[in-house]
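Comments concern the structure below.
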Amino acid sequence: MNNRRLALWSAYLVVGAGALVMLAPFYVMFVFATHSRTEIFSLPPPLFFGDDFLANLKILTERLPFWRNLGWSLYVALASTVLTLLFCALGGYAFALFDFRFKNALFALVMATMLLPSFMNMIPTFMTMDVLGWIDQPRALYIPGAASAFGIFLMRQFVTASIPRDLVEAARMDGCSELGIWWHIVLPLLKPALGTLGLITFIASWNNFIGPLVVLRSPDMYTLPLALRSLQSPVNTEWGALMAGSAIATLPLVLLFIAASRQLISGLTAGAVK
Amino acid sequence: MKLPAALRLSPALAPYVFISPFLLLFAVFGVFPLCFSLYLAFQSWEPTSGLEAMQYVGLDNFAFALQDPWFWKSLGNTAWLAAASGVPQHLVAIPLAVFIHNRFHRLRNGVVGAWFMPYITSTVAIAILFSSLFSTDFGLVNQALQALGRLPLLGWLVPAEPIDWLNDPDRIKPAIAIIVFWRYVGFNLVLYLAALQTIPQDLYEAATMDGASRLQQFLFITLPSLKPMVFFGVTLSVIGGLQLFEEPFILTGGRGGSDQAGMTTAIYLYRMAFDFNDFGAASAMSWLLFVVVALLTWLTNKAFADRARR
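Protein chains in written order, with my numbering: chain V, 1 to 274; chain C, 1001 to 1310.
What follows is the structure in structure tokens.
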């Protein structure tokens, strides 16, 4: 009995320590953000917050158009969230509660692209944007982003599960227009799913690296991940500044996650559980 | 507010109007690029010479890719990284999920959240942080290892010299695999937790009544019930692992590392297009890699189906 108790407690200990190890890099990032380069690489390394955050921020803004980059990240993330919610809420509703020609074939096609590796689109997307003249334009990021197969899947799933056909039918009988039904009846009921999809879209856009890497060329147009990467060099990398920038890029995500972790976790694994 | 009858959508027309914004974007930015990339794989083209300079070259690009030692090397790297980061994810996530499912109640959300958090953060920020942690002289990882080496019993486990994680061709892959493992293990944990909730409790009660030990219950009830999710999780790991790009790209400064030891196929085809300006060969490589992904997904599927029949 005593042995089993010991085994149980060591298992608790391992799981708890593991959780701390998972969180440790975040802690280290925020600590390093408040230290200068020489302090970060001293012996022993700093393990508690220092007072160089503002100095790091100063280096960051001297080396990069940092606030512009931050602004672009925010702008692209918000624009793609709004567009994705709009288009996917419309499309998902149509896929869930209407019958139309080629519906099943179309839906299967959309789902098939969800499994397609992202590198497949890298080169042709660059060429498409080149032809459209969208290189270095934020719209090259948020407009294609709105064609989200995952968003269509999530919305269709949610409409099917939570909006009865009879309700829509009754509204139609009462003379409500089709757009009116969507706006007054479907959208309010979709709110939880819209919240989830909105969070996921925002985070994905905020973190997106390959997309901007392919279509953005000038540092003035960079989003945060590209800007931070451009600060990395084989010699004389300003690690303190780089950590401050990384921490600023990470902090909103950590806060979002703390505020809505259950919603995010269930949304991100929705495809698997359903 | 009522619209005039002529402007109102009829129910027959409505679905087409509703899906058309999505469908338009999906066609232009989802389907078209894919078809175009297939077309491009059979062309010789340099972006600087304009679209007219494209020339049909048959299977030349594919032949070039298949004879290119760097392409094979990148495939080997990708496979190594996918296996070394993917397999441990599941070996850790399954027992962890079972333990958390059975033993955690009040702290459950916090613990799961901690394990899951790496999944939502910026890969670039994280890769930048890790490239400082893995640096040779004063990186936190090496300092921790050195401290471990000074302990009396564990000393022999640790090499005396600091490890050059990011420049030694033999070390860069483990460094990348550790980051990828860290990032995705929590995602798999959540998948398995969701699957565990669907196993009916009376199965365990009946087994306990029949005198089955906990280990037997795990082996004969839990594992078989988890199988569909293992299949799904492994499939996602295969698809995700084979398109690994961001972590090694940042850690190797976008070039693939010394001796190309950290160059995955996705990085190589990016470089083929944007550093070496050969869009045709890069497209051919992307389709070859796609075939590998499809083949491995199919094999996973078959492996799991076969065991079900037995």
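We put the beta carbon where it would ideally sit given N, CA and C, even for glycine. Quick caveat, the model's predicted, so the values are computed rather than measured.
Check	Outcome
Check whether the Cβ atoms of I123 (chain V) and A1212 (chain C) lie closer than 8 angstroms to each other.	no
Can you tell me which of the three DSSP states S1044 (chain C) falls into?	strand
Any residues in the segment 160-178 of chain V with a beta carbon nearer than 7 angstroms to a beta carbon of chain C? Which ones, in chain order?	R172, S177 and E178
Use the C-beta contact count for N207 (chain V): other C-beta atoms within 10 angstroms, 16 or more gives buried, fewer gives exposed.	buried
Between T125 (chain V) and F150 (chain V), what straight-line distance do the alpha-carbon atoms span, to the nearest angstrom?	19 angstroms
Which of the three DSSP states is assigned to Y222 (chain V) in this structure?	coil
I need the straight-line Cα distance from F53 (chain V) to G1139 (chain C), nearest angstrom please.	20 angstroms
Okay, do the segment 1025-1041 of chain C and the segment 1221-1233 of chain C touch, 3+ Cβ pairs below 8 angstroms being the bar?	no
On the DSSP bridge list, what partners appear for Y1056 (chain C)?	C:Q1043
So, is W1298 (chain C) buried or exposed, given that buried needs 16 or more other C-beta atoms within 10 angstroms?	exposed
Check the Cβ-Cβ distances between S230 (chain V) and every residue of chain C, and say whether any is below 8 angstroms.	no
Would you say G1149 (chain C) lies against chain V (beta-carbon separation less than 8 angstroms)?	no
Helix or strand or just coil, what does DSSP make of G1186 (chain C)?	helix
According to DSSP, is I1250 (chain C) helix, strand or coil?	helix
Look at the alpha carbon of N121 (chain V) and the alpha carbon of S266 (chain V), and state the distance between them as a whole number of angstroms.	28 angstroms
F87 (chain V) and P1021 (chain C) - do their beta-carbons sit closer together than 8 angstroms?	yes
Measuring straight from C-alpha to C-alpha, what distance separates I1126 (chain C) and R156 (chain V)?	34 angstroms
Over the uninterrupted alpha helix (DSSP H) stretch that includes W134 (chain V), give me the two end residues.	Element bounds for W134 (chain V): n/a, residue is neither H nor E.
Enumerate in chain order the residues of its own chain whose CB-to-CB distance from L60 (chain V) is below 7 angstroms, with the five nearest sequence positions on each side excluded.	F66, A241, A244 and G245
Would you mind giving the Cβ-Cβ distance between L141 (chain V) and P212 (chain V), rounded to the nearest angstrom? I have them listed as a contact below 8 angstroms.	6 angstroms
Keeping to the same chain, check which residues put their C-beta closer than 6 angstroms to that of T84 (chain V); ignore five residues upstream and five downstream.	A146, S148, G151 and T201
Starting from A193 (chain V), follow the alpha helix (DSSP H) in both directions and report where the run begins and ends.	L187 to N207
Would you decide whether Q1216 (chain C) is buried or exposed? Buried here means 16 or more other CB atoms lie within 10 Å of its CB.	exposed
So, does the CB of A1273 (chain C) fall closer than 8 angstroms to a CB anywhere in chain V?	yes
Within its chain, find whatever has a CB closer than 8 angstroms to the CB of F26 (chain V); leave out the 5 residues flanking it on each side and keep chain order.	T250 and V254
Measure the C-alpha to C-alpha separation of A1093 (chain C) and T1300 (chain C) and round it to an integer number of angstroms.	19 angstroms
Here's the rule: buried if 16 or more other CB atoms are within 10 angstroms of the residue's CB, otherwise exposed. What is V215 (chain V)?	buried
Buried or exposed: G71 (chain V), going by 16 or more other Cβ atoms within 10 Å of its Cβ?	exposed
Consult DSSP for R63 (chain V) and reduce its assignment to one of helix, strand or coil.	helix
Please classify I258 (chain V): is it buried, with 16 or more other beta-carbons within 10 angstroms of its beta-carbon, or exposed?	exposed
State the Cα-Cα distance for the pair G91 (chain V) and F1279 (chain C), rounded to the nearest angstrom.	34 angstroms
Given R172 (chain V), which residues of its chain have a CB within under 7 angstroms of its CB, disregarding the five upstream and five downstream residues?	I181
Give the residues from the segment 16-30 of chain V that approach chain C closer than 9 angstroms (Cβ to any Cβ), ordered along the chain.	G16, G18, A19, L20, V21, M22, L23, P25, F26, V28 and M29
Just confirm the distance between the C-beta atoms of V1124 (chain C) and L1196 (chain C), as a whole number of angstroms; I'd bet it's less than 8 angstroms.	Rounded, the Cβ-Cβ distance is 33 angstroms, inconsistent with contact.
Around the C-beta of S42 (chain V), are 16 or more other C-beta atoms found within 10 angstroms, so that it is buried, or is it exposed?	exposed
What residues from chain V crowd round I1128 (chain C), counting only those whose CB sits closer than 7 angstroms?	L228, Q232, L242 and S246
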